[in-house]
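Trainee:
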Amino acid sequence: AVYTLSDPRAEILKQFSRHLAEKKGMVKELDLIESVERLAPEVFQNERDTDKPICANVDLYSGFVYKLLGIPADLYTALFASARMPGWCAHRIEECCAEDPRIIRPAYKTVSRRTPYVPLAERC
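Structure representation (C-alpha cells):
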C-alpha cells in the first residue's frame, strides 16, 4: 500500500523507538528524525512543485531502532531486504502467473540469462 496521510507501521515503530531511545539516552537523535519527518513533506512539495501529500514510512524509524538495539550497521541492508523478500517474491509470482497482464511495482527487469529449471533432487 502507498500511504499518503500516515504509515501506521511508522506510527507504531515511532512509539517503540521513543521508549527505547529514552532508555538508551538517544532522545536527541530521535528528535532529529521526527523533525525530518515533520519538515520533509513541505520541502518535497516545494522542490517537486506538487501538492501531493507524502508521509514517512516505517523505514524512517527502522534504521534508528536497529541502532538502538545495537545491531551492526553492516547488517541493516540485509535485515531490510530479508524482511521484504516474501513480498517481493509474491509480486514476482503474481507477475508471472496473472492471467491478465498488469504492471506490478516494484518494476523488475532481470539481468540474468534464462536457464532451465532444475528440480531440487537433481541439483548439486
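Residues in the sequence shown are numbered consecutively from 68, following my numbering. Even glycine gets a Cβ: it sits at the ideal position worked out from N, Cα and C.
(1) Quick one, are the C-beta atoms of Val-125 and Leu-72 less than 8 angstroms apart?
(2) Roughly how many angstroms separate the alpha carbons of Tyr-70 and Tyr-128, rounded to a whole number?
(3) Under DSSP, the alpha helix (DSSP H) around Lys-134 begins and ends at which residues?
(4) I need the DSSP call for Glu-162, collapsed to helix, strand or coil.
(5) Suppose you measure from the CA of Glu-189 to the CA of Ser-179; what does that come to, to the nearest Å?
(6) Can you tell me whether DSSP reads Tyr-184 as helix, strand or coil?
(7) Look at the Cβ atom of Ile-121, then the Cβ atom of Pro-108, and state whether they are nearer than 8 angstroms.
(8) What number of angstroms, rounded off, separates the C-alpha of Pro-75 from the C-alpha of Ala-148?
(9) Would you mind working out which of Tyr-143, Val-132, Thr-182 sits nearest Lys-90, comparing C-alpha positions?
(10) Can you tell me the Cα-Cα spacing of Thr-117 and Val-103, whole angstroms?
(11) Shortest alpha-carbon distance to Thr-144 belongs to which of Leu-135, Asp-167, Leu-99, Gly-130?
Mentor: Taking the definition as stated:
(1) no
(2) 16 angstroms
(3) 126 to 135
(4) helix
(5) 21 angstroms
(6) DSSP places Tyr-184 in coil when its eight states are reduced to three.
(7) yes
(8) 20 angstroms
(9) Val-132
(10) 19 angstroms
(11) Taking only the C-alpha atoms, the option nearest Thr-144 is Gly-130.
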